């Protein structure tokens, strides 16, 4: 036939490429716009195995640079910033009582709340911290230290102002040491380039992460004692005991680097303005076919050391998607991007070729032997296969689709051990599907539990009937899969997960909200114990106690709080709900930052207290709830808006002036010290009595 003749020696590339350019360049090599199949769940057996790739070091910095350059050249058509898609993650806590950090310090007897962490012993940074007497608050470019309790003496006692190019975004507090994490963006030209002879495209921004450490021995005059700088977008940080771990990501393929003459890039950190080269023994890369790689930098240091010693490791991995940190390990997940020709061709040979006639096999073999670019081989092979697959029956198409989904929609997990500041790569594993957020991952009794969704993204433009499904996997300490449940809630996607001890609570959503109870007591045989279907969905689950779970989500346009009882695991119940909605029939919506930021969620069981920041179509509020083991009720509302604020009619939701005016009133966090509630926005800190909600004091921070 015509195609075969061209491939046998008379191949006119311009003719063929002009035809196939209209065919979307996708890696789904069996895609055809005419199919409709996969209407039942895929029932994929993931235990068929995934390859494990070696982790290696470079012998010289020249080898390192050559690797980066080759990596860039193979990926230059998909150049983008890893920082824009990176989300930082942490373990879903194993405590049945929840992980809101409620404590009293050795020096202060006050009972107070702290950041809503997810694993006891692993502190998370936040924009606000308290030690029971003082508040440490980041607002815009300022850090405020506020004497907060007792409230009658509340005042700002000191502040630190940062530069516009070095914006603070998180902090840790550890006794008399304060660490502030900032992000800086510098628009620069790469060293080694002739500024007069280059075009505008050469200019780009450089992103660095700073950690400023302050001594608070004199709380009125914080003293900067250390400044640590590392390249890359800040992704997140953790503090375990006195050790802080900072994680950043950056390009592993920077085009400017390779246009500069005689330039050799060497990863560095700066400690107190002293530049330190990261040694070759601390730079690792994964020898996998993934071409979309970034450098993940991990730093550690003891926040209390007078002479600070910084440990730095660099890992060149796939594009990071989720990070989870336990007391012993950092787990970095990345979405697999195995789109190079060799991988595609191997999949063709393994899964598609057995279904093709000999004529098609010969054509594909001829393509593989051509001296053309890999992407050209892919597109030609795609074209050939489409022509033959269109003639297949639905059963054959279904079989091929199942295998391709398993190989293209997968998450790679890297396990890195941390121990008193030491950082050591341990192992890697792979599961089918994608992780939604940090609560989808949990380490328990040396096993890793992970919940994923397979949504068929690569086939959806062509296969409109394809259905998503969800999985829960258990991996051992070497990240080998030892147990799993697949095909949970076919047609739905995971919206929230919480692993608590030997149970997993899972919420999926499409039109209704199935709430699943999954038993993980036997890691090799996970089992769904019960299911509850209710309207709406929950995006965050938080343990009330061992028999009850709080859910926050949405139903329609409204924020919904639910209290689930799981004492009878086979028959979970929704005991109580509360929707934040308007009584009239006018257009109305409500939203809470706690839907997707767990640090905005404040809960204390002993005080029957739940506080959520709430935004409506014209108000910024904090809702204060009474919550018991069987009921949720509204106690009252706190606002930072002035009493003489203009009427609602003047605040139509489409008026941009309104949003600029009221942005500072948006309540970002809440906490308590003893029986005082503190709510924090960019404009003020307000103090209210916990029992009556009467205002006790307020401090302006604008």
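Numbering (the numbering used here), first residue to last: 9 to 710. For each residue, glycine too, the CB sits at the ideal point set by N, CA and C. Since we're looking at a predicted model, the values are computed, not measured.
Which stretch, first to last residue, makes up the beta strand (DSSP E) that contains residue i?
i           : result
residue 124 : 120-124
residue 553 : 545-553
residue 328 : 328-333
residue 441 : Here residue 441 belongs to no beta strand (DSSP E), and DSSP marks it neither H nor E.
residue 629 : 628-635
residue 737 : Beyond the ends of the chain as shown, which are 9 and 710, falls residue 737; an answer cannot be given.
residue 489 : 489-496
residue 623 : 617-624
residue 768 : Only positions 9 to 710 of the chain appear in this structure, which leaves residue 768 out of reach.
residue 336 : First-last for residue 336: undefined, no H or E at that position.
residue 697 : 692-697
residue 684 : 684-688
residue 533 : No beta strand (DSSP E) contains residue 533, which DSSP labels as neither H nor E.
Given a cut-off of 7 Å, decide if residue j and residue i are closer than it, judged by their beta-carbon atoms.
i           : j           : result
residue 532 : residue 489 : no
residue 335 : residue 129 : yes
residue 606 : residue 552 : no
residue 582 : residue 570 : yes
residue 6   : residue 419 : Since the displayed the chain opens at 9 and closes at 710, residue 6 lies outside it and no answer follows.
residue 316 : residue 260 : no
residue 157 : residue 167 : no
residue 147 : residue 675 : no
residue 318 : residue 309 : yes
residue 448 : residue 487 : no
residue 159 : residue 705 : yes
residue 524 : residue 423 : no
residue 421 : residue 360 : no
residue 577 : residue 526 : no
Give every residue of the same chain whose Cβ lies closer than 7 Å to the Cβ of residue i, excluding the five residues on either side of it in the sequence, and list them in chain order.
i           : result
residue 52  : Caution is warranted here: a pLDDT of 35 is assigned to residue 52, below 50, making its placement in the model unreliable, and the coordinate value is therefore given only provisionally. Around residue 52: 410, 413, 414, 440, 494.
residue 517 : 500, 501, 503, 545
residue 528 : 457, 482, 510, 511, 512, 534
residue 172 : 149
residue 245 : 133, 178, 189, 252, 253, 254, 255
residue 665 : Reliability fails at residue 665, whose pLDDT of 43 lies under 50, so the model's placement of it is uncertain and the value that follows must be treated cautiously. There are no such residues.
residue 425 : 336, 337, 432, 434
residue 228 : 165, 166
residue 343 : 326, 327, 329, 419, 442
Here's a check: name, in chain order, each residue in its chain whose Cβ is nearer than 6 Å to the Cβ of residue i, leaving out the five neighbours to either side.
i           : result
residue 368 : 396
residue 660 : Confidence at residue 660 is low in this model, with a pLDDT of 46, below 50, so the placement of that residue is unreliable and no value is reported for it.
residue 678 : 610, 619, 630, 687
residue 154 : 143, 164
residue 589 : 566
residue 178 : 133, 189
residue 55  : In this prediction, residue 55 has a pLDDT of 42, which is less than 50 and means its spatial position is unreliable; nothing more can be read from the coordinates.
residue 635 : 616, 618
residue 475 : 498, 499
residue 275 : 286, 322
residue 638 : 583
residue 216 : 192, 237, 239
Over what stretch of residues does the alpha helix (DSSP H) that includes residue i continue unbroken?
i           : result
residue 387 : 382-397
residue 375 : 366-376
Once the 5 residues before and after residue i are set aside, which same chain residues still bring their CB inside 8 Å of it?
i           : result
residue 185 : 221, 222, 223, 224, 311, 312
residue 633 : 569, 586, 617, 618, 619, 620, 640, 641, 642, 643
residue 691 : 648, 672, 673, 708, 709, 710
residue 667 : Any reading at residue 667 needs caution, since the residue's pLDDT is 44, under 50, leaving its predicted position unreliable; the model's value is listed next. Excluding positions up to five away in sequence, the list is empty.
Which partner residues of residue i appear in the DSSP bridge assignment?
i           : result
residue 511 : 508, 527
residue 303 : 258, 324
residue 145 : 136, 152
residue 176 : 190
residue 587 : 568
residue 540 : 523
residue 316 : Paired residues: none, contrary to the question.
residue 437 : 421
residue 170 : Paired residues: none, contrary to the question.
residue 459 : 480
Can you find a heavy atom of the ligand NAD that lies under 6 Å from the Cβ of residue i?
i           : result
residue 165 : The ligand NAD is not among the ligands present in this structure, which contains no ligands whatsoever.
Say whether chain B places a C-beta atom closer than 7 Å to the C-beta of residue i.
i           : result
residue 568 : Looking for chain B here will not work: only one protein chain is present.
If we require 3 or more residues per run, which beta strand (DSSP E) segments fall completely within the segment 267-296? 276-279, 282-285, 291-294
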